[in-house]
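Colleague: Just dropping this structure here.
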């Protein structure tokens, strides 16, 4: 489908005035002058990130050609070394003061044998824990070379794409044959009803004509035919048993909507709808009179509305990531001054006005200390008090938790109106710190059935509007003040409506596999198109398919400067000959997207043309393409196809391919790791990456301490064996009883102190629970003296540790202890250590891969269900209770032989 010339004025009008616009037609001379830059022999195949890959030397690093490829010929990028490990700049460092385009992740040279332990990869040490070898499905196992993982996987990606093309052709061929057979069958006289492949057959003894089956059994037959039968089941179930099964199912009233062919995507989403509206946050509770913000050291009195805003900032002083952010501070202070002006300003103890002009003079610590005290009080409430408060809250909200949708009770997701506060945003959002104002009923529109009772608004208020939009799946909506976005109250994730939406999304991705070969052929051909619009569109689809770029949407000037493929600016794309492309921009949720990739030679050439002078910073690369035009073009291949479907298709198809070839073995923990290894492959092959979280190193350190604690415990058990029978040392060898070198005396004493404190907390909590139980049963509470007596056990524990440290011997603990029992304990501890070490290795490997996002949003959940059934792993290992409810349709609709 070619772009018509009629699109040009419209596209030009959409671009900012004064910006350079590409010529509508690419001249032969331009095509020739921007010719091939030479081939990169031995480089990674297109479609895999190479940002960890090698760069030859510093002289060849990021030197943009003088032909105006980037307009910055003099700039150079530091080279990366072949086996370099990334080290991430601290978020609080001076890097934040640099422009986005100037910030780069820093790299360190390859580790030498003489490097200190601090430079050893975290996963290799985990506080001394020796990690098991990588599993059979681990990434990079294919080769012993030092080549980056991405290069090792490039061939696999190419192979998967070839298989996808082959499969697409086979599916279309199969569908054509089936369609032809169906047409042929329609021509057969209606008297010949029961036929197979045109040959009449007799009914077996186990089969009954449909008209003879009772209605309930008929429904069961239809239901069972929609779900693949389990392996090993051959004979058809008798009608009588089917009837009984359905009667049991009807008692549960389960609605298996995914098996109901009448539930399509019609324009009308519901016929009747009843609900009770929304829950508003409680009104502001003013601070005590002795708790005041200070300005220049002087306590000031504020009006309640201004005091509430000061409390927003004061209550989060412990969130340094936000309150120390200059943008956060600036936005908050501007809004704070505006509310001060509106409410009459601040006053000192004498009632005299205080002009608040400088943020640095504001002291919010008294407010923070008050709210921190309230948080501690809440944390220290007894379990009974916490349960009572929760029960009261649940009772007050019970009426809002469910709605009646077409006569069926459905859970409502977010029925609470968001309370006022400070907007945080994600990534580097320009509006972080601005005040989110309190939402009033007058801002809220209710969507409900015409005959249903409209929920009453709070006293003295009214709703903005009441609608009866049967095409909408929302119950209420309002517009927030920060970005002007609309917020909707929707059904919960485990509701039929939400489930149908997820099901439709993944089915659309499955449909794409029938057309992917044609799409890839077309955009490959379009990369050489004469019309600029056609070539830009083909290049954009290539980038979206190969590198999982989001399409990007046009936005207003007041919105965050986030971009996607279609809205990439000149400065967001740098080119390094022969065919490396560097992307650097703020993506979805203002999170920085930075990647280096190798592309096809023609794509590299096209990007040079799209960046050709007189284009400069601020100009769009794909200036003759919009997201809507791109999606309109894609819909020609299949209804509803948009750019975002490629992410879901590529992730699901890749995982399905890996799953077919997988042979998960070992313990459940090992199988889980093998699943995660495959998921990680998907993330790399489909370019789904994330930034390492700030707390990752701390989490790894804690996990390492737990592993060391288990190893210390194992050593103590072995020493108990010597206490029972000293002759066993000769039998097992002295090395068996040696304590690991990293468990030195200082660490042991520190760990023993931790164990004593841990035991103290356990005894105290047990005492409190026992007291709560006594009170609940109407009996007297135990006195504090009882707790003191229980805590005496800690002194015995402390003496025991002191004796062990002095003598180097450990007395056997427990009655009737035997060598066999202790050996079993050692084996159990070794299994726990191995499982935890696998978790540590997995966590370290996943630090840059958002496995949760990939698993929940991009990989068809039915594939995870297939894995669990195929390799006998509990579904709980992959889906939490909430996700099991969300993907209930996936869990119940497939067996292990299901194919994506």
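In the UniProt record's numbering, the protein residues as written are 1 to 900.
Don't be surprised by glycine CBs; every beta carbon is placed ideally from N, CA and C.
Values in this document were obtained by computation on a predicted structure and should not be read as measured data.
Over the uninterrupted alpha helix (DSSP H) stretch that includes residue 29, give me the two end residues.
Modeller: Per DSSP, residue 29 belongs to the alpha helix (DSSP H) from 28-33.
Colleague: Taking residue 699 as part of the alpha helix (DSSP H), name the residues at either end of that continuous run.
Modeller: Segment 696-724, the alpha helix (DSSP H) holding residue 699.
Colleague: Is it a yes or a no for the region 369-387 touching the region 322-339, going by three-plus beta-carbon pairs under 8 Å?
Modeller: Output reads no: the region 322-339 does not touch the region 369-387.
Colleague: How is residue 584 classed by DSSP in three states: helix, strand or coil?
Modeller: Looking at residue 584 - three-state DSSP - the assignment turns out to be strand.
Colleague: Using beta-carbon positions only, say whether residue 273 and residue 449 come within less than 7 Å of one another.
Modeller: Contact: yes.
Colleague: Compute the distance between the beta-carbons of residue 491 and residue 413, then report whether it is under 7 Å.
Modeller: A contact, by the Cβ cut-off of 7 Å.
Colleague: Can you tell me where the alpha helix (DSSP H) with residue 417 in it begins and where it stops?
Modeller: Unbroken run through residue 417: none, as it is neither H nor E.
Colleague: Where are the alpha helix (DSSP H) runs, 4 residues long or more, that stay fully inside the region 322-409, in chain order?
Modeller: Counting whole runs of 4 or more residues, the region 322-409 contains the alpha helix (DSSP H) stretches 326-343, 365-379, 383-397.
Colleague: Compute the Euclidean distance between the alpha carbons of residue 173 and residue 518, then round it to the nearest angstrom.
Modeller: Those two C-alpha atoms are separated by around 14 Å.
Colleague: Can we say the region 477-484 touches the region 442-457, given the rule of at least three CB pairs closer than 8 Å?
Modeller: The region 477-484, when compared against the region 442-457, does touch it at the 8 Å Cβ threshold.
Colleague: Which value, in whole angstroms, describes the spacing of the CA atoms of residue 411 and residue 882?
Modeller: Answer to the nearest angstrom: the Cα atoms are 13 Å apart.
Colleague: With DSSP as the reference, label residue 592 as helix, strand or coil.
Modeller: Strand, per DSSP.
Colleague: Just mark residue 377 as buried or exposed, buried being the case when its beta carbon has 16 or more other beta carbons within 10 Å.
Modeller: Exposed, by the Cβ-count rule.
Colleague: Just to confirm my understanding: we take residue 308, look at its own chain, exclude 5 residues before and 5 after, and list those with CB closer than 6 Å. What are they?
Modeller: For residue 308, where only same-chain residues beyond five positions count, the Cβ hits under 6 Å are 284.
Colleague: Exposed or buried, what is residue 321 when buried is set at 16 or more other beta-carbons lying within 10 Å of its beta-carbon?
Modeller: With fewer than 16 Cβ atoms within 10 Å of its Cβ, residue 321 is classed as exposed.
Colleague: Which same chain residues, not among the five before or five after residue 891, have their C-beta less than 7 Å away from its C-beta?
Modeller: Taken in chain order, the residues that qualify are 865, 875, 884.
Colleague: On the three-state DSSP scale, how would you describe residue 457?
Modeller: Looking at residue 457 - three-state DSSP - the assignment turns out to be coil, as it is neither helix nor strand.
Colleague: Any idea if residue 468 is buried or exposed, counting beta-carbon neighbours within 10 angstroms, 16 or more meaning buried?
Modeller: Exposed, since its Cβ has fewer than 16 Cβ neighbours within 10 Å.
Colleague: How close, in whole Å, do the beta carbons of residue 859 and residue 682 come, if the pair is a contact with beta carbons under 8 Å?
Modeller: Correct: roughly 7 Å between the Cβ atoms.
Colleague: Just to confirm my understanding: we take residue 871, look at its own chain, exclude 5 residues before and 5 after, and list those with CB closer than 6 Å. What are they?
Modeller: Excluding residues within five positions, the ones whose Cβ falls inside 6 Å are 664, 671.
Colleague: Quick test of the definition: if touching needs 3 or more C-beta pairs under 8 Å, does the region 629-638 touch the region 834-844?
Modeller: No, because fewer than three Cβ pairs between the region 629-638 and the region 834-844 fall closer than 8 Å, the two stretches do not touch.
Colleague: Let's see if you can read the secondary structure: which residues bound the alpha helix (DSSP H) around residue 856?
Modeller: Where residue 856 is concerned, there is no enclosing alpha helix (DSSP H), given that its DSSP letter is neither H nor E.
Colleague: What is the DSSP secondary structure of residue 477, reduced to helix, strand or coil?
Modeller: Residue state, collapsed to three classes: strand.
Colleague: According to DSSP, what are the bridge partners of residue 626?
Modeller: None; residue 626 has no bridge partner.
Colleague: What whole-angstrom Cβ distance do residue 482 and residue 434 have, given they're in contact under 8 Å?
Modeller: Residue 482 to residue 434, Cβ: 6 Å. Contact.
Colleague: Could you tell me the alpha carbon to alpha carbon distance between residue 493 and residue 415, rounded to whole angstroms?
Modeller: Distance between the alpha carbons of residue 493 and residue 415 is about 13 Å.
Colleague: Taking the CB atoms as reference points, tell me whether residue 436 and residue 421 lie closer together than 7 Å.
Modeller: Closer than 7 Å, so yes.
Colleague: At the level of alpha carbons, what is the spacing between residue 499 and residue 700?
Modeller: Near 36 Å, if we compare the C-alpha coordinates of residue 700 and residue 499.
Colleague: Quick check: residue 902 and residue 509, are their CB atoms within less than 7 Å of each other?
Modeller: Look at the range of the chain in this structure, 1 to 900, and you will see that residue 902 is not part of it.
Colleague: Spatial neighbours of residue 826 within its chain, please: CB distance less than 7 Å, with the 5 preceding and 5 following residues excluded, ordered by chain position.
Modeller: The answer, listed in chain order, is 714, 717, 718.
Colleague: So which of 743, 175, 317, 607 has the shortest CA-CA distance to residue 577?
Modeller: Of the listed residues, the one whose Cα sits closest to residue 577 is 607.
Colleague: Would you mind sorting residue 286 into buried or exposed? The rule is 16 or more other CB atoms within 10 Å of its CB.
Modeller: Result: exposed.
Colleague: Cutting at 7 Å between CB atoms, please list the residues of its own chain near residue 869, excluding the five before and the five after it.
Modeller: Once the five neighbours on either side are set aside, the close Cβ partners of residue 869 are 895, 896.
Colleague: Could you tell me which residues DSSP puts in a beta bridge with residue 294?
Modeller: Partner(s): 299, 363.
Colleague: Could you tell me which residues DSSP pairs with residue 446 in its beta bridges?
Modeller: 466, 476, per the DSSP bridge assignment.
Colleague: Look at residue 489 and residue 278 and say whether their C-beta atoms are less than 7 Å apart.
Modeller: For residue 489 and residue 278, yes; Cβs fall inside 7 Å.
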